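Let me begin by presenting the structure, written as structure tokens, before commenting on it.
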Amino acid sequence: MSAKLIDGKAIAAELRQSLKQQVTERTAAGKAAPGLAVVLVGDSAASAVYVRNKRKACAEIGIESFAYDLPDSTGQSELIALIDELNGRDDIDGILVQLPLPKHIDDDTVLDRIRADKDVDGFHPENIGKLLQRRPTLRPCTPWGSIDLLKSTGEDLTGMHAVIVGASSIVGRPMALELLLIGVTPTICHSRSGDLERYVREADIVIAAVGIPEFVKGSWIKPGAIIIDVGINRTDDGKLVGDVEFEAASQRAGWITPVPGGVGPMTVAKLMQNAITTADRPNQ
Ligand code: NAD
1255 MSAKLIDGKA IAAELRQSLK QQVTERTAAG KAAPGLAVVL VGDSAASAVY
1305 VRNKRKACAE IGIESFAYDL PDSTGQSELI ALIDELNGRD DIDGILVQLP
1355 LPKHIDDDTV LDRIRADKDV DGFHPENIGK LLQRRPTLRP CTPWGSIDLL
1405 KSTGEDLTGM HAVIVGASSI VGRPMALELL LIGVTPTICH SRSGDLERYV
1455 READIVIAAV GIPEFVKGSW IKPGAIIIDV GINRTDDGKL VGDVEFEAAS
1505 QRAGWITPVP GGVGPMTVAK LMQNAITTAD RPNQ
């Protein structure tokens, strides 16, 4: 078997196009363009690339992005003060703080400070809680985008068993909640699950979000399974690879996302969708 490719790049481009249309209609109706503050702390090259892509997407769609590039030496209280200022500004609808933050800053303290209705990443406890309660509002972008990719296959996903490899708060855990919303049965594996192969062999859907290059072996894949590879890893020779052995897995899977060009572009497009949602918050 040779897997069909799930073209995240094309699916994300289509979504951005429809979001651009939405923004055009907003502004034509006399409303302001959505405003998104993008906060980058420190000089991580990877974070700079992610932020550049997000700002580029804003420009394409017509979302006004406000850049806050802060030095690595920025203190936590300084960053909190900026968040407080952005929380109070009417021209800023959404706030994005690029992770990871420098080690001397606590991610949770900062993310909790962002007003829930300006939380474009969907990481605020209130937004995660709403997703858990089956009334999603601002949703974590990577899991939400992965659902679009699964649906794009046209397969009947209801009742399928999904194995998620990785239990992080930004990917693995909210992924399970998103899968429940579409009638899929999720299993979440983590660093202490042991014998991972045993789980993956049973999976109709594999979501790999572990952050280890080619960790999920092609030989583990159930024939015909759908594979969503969230991992983005740079090898020593500068190549980007996912968390799944792509070539070997492609021989067995029914569908597979490439890296790059799979989940990554969807994450950015979903961020844009959330940014538009924040502009419609009730007190506007
Ligand atoms: P993380 O490091 O926060 O979490 C990794 C998870 O993997 C943890 O829950 C850990 O328990 C689990 N794990 C570690 N070793 C394991 C093992 N041996 N067996 C089973 N589970 C194990 O990572 P993250 O932030 O969730 O990111 C995961 C990957 O996804 C990274 O490569 C990251 O770059 C990528 N990512 C991509 C996007 C995107 O838009 N495509 C977005 C976010 C993250």
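Quick note on numbering: the working numbering labels position 251 of the sequence shown as 1505, and the sequence is numbered without any gaps. Beta carbons are placed, not taken as given, at the ideal position from N, Cα and C, and that holds for glycine. Remember, predicted model here, so these are calculated numbers, not experimental data.
Beta carbon of residue i nearer than 7 Å to that of residue j
i, j, result
"residue 1309", "residue 1319", "yes"
"residue 1349", "residue 1291", "yes"
"residue 1513", "residue 1494", "yes"
"residue 1347", "residue 1355", "no"
"residue 1470", "residue 1462", "yes"
"residue 1499", "residue 1468", "yes"
"residue 1526", "residue 1336", "no"
"residue 1521", "residue 1260", "no"
"residue 1262", "residue 1403", "yes"
"residue 1289", "residue 1326", "no"
"residue 1453", "residue 1425", "no"
"residue 1225", "residue 1475", "Outside the displayed range of the chain (1255 to 1538) lies residue 1225, so it cannot be described from this structure."
"residue 1330", "residue 1368", "no"
"residue 1386", "residue 1431", "yes"
"residue 1528", "residue 1293", "no"
"residue 1257", "residue 1473", "no"
"residue 1535", "residue 1345", "no"
Span of the alpha helix (DSSP H), counted from its first residue to its last, around residue i
i, result
"residue 1305", "1299-1315"
"residue 1430", "1426-1435"
"residue 1401", "1395-1405"
"residue 1379", "1379-1386"
"residue 1448", "Segment: none, residue 1448 is in no alpha helix (DSSP H) and carries neither H nor E."
"residue 1409", "First-last for residue 1409: undefined, no H or E at that position."
Coarse secondary structure for residue i, derived from DSSP in three states
i, result
"residue 1466", "coil"
"residue 1475", "coil"
"residue 1258", "strand"
"residue 1522", "helix"
"residue 1371", "helix"
"residue 1460", "strand"
"residue 1342", "helix"
"residue 1543", "Here the chain covers residues 1255 to 1538 and nothing more, so residue 1543 does not appear."
"residue 1533", "coil"
Residue i - partner residues in DSSP beta bridges
i, result
"residue 1440", "1416"
"residue 1320", "1291"
"residue 1495", "1487"
"residue 1510", "1259, 1481"
First and last residue of the uninterrupted beta strand (DSSP E) at residue i
i, result
"residue 1272", "Counting along the chain, residue 1272 falls outside any beta strand (DSSP E), though it belongs to the alpha helix (DSSP H) covering 1262-1282."
"residue 1295", "1289-1295"
"residue 1480", "1480-1483"
"residue 1504", "Where residue 1504 is concerned, there is no enclosing beta strand (DSSP E), although the alpha helix (DSSP H) it sits in stretches over 1500-1504."
"residue 1351", "1348-1351"
"residue 1546", "Beyond the ends of the chain as shown, which are 1255 and 1538, falls residue 1546; an answer cannot be given."
Segment contact, 8 Å Cβ cut-off, at least three pairs: the segment 1399-1419 with the segment 1368-1382: Judged by Cβ distances under 8 Å, the segment 1399-1419 makes no contact with the segment 1368-1382, as fewer than three pairs qualify.
The segment 1388-1400 touching the segment 1437-1457, judged by at least three CB pairs closer than 8 Å: At 8 Å Cβ cutoff, the stretches do not touch.
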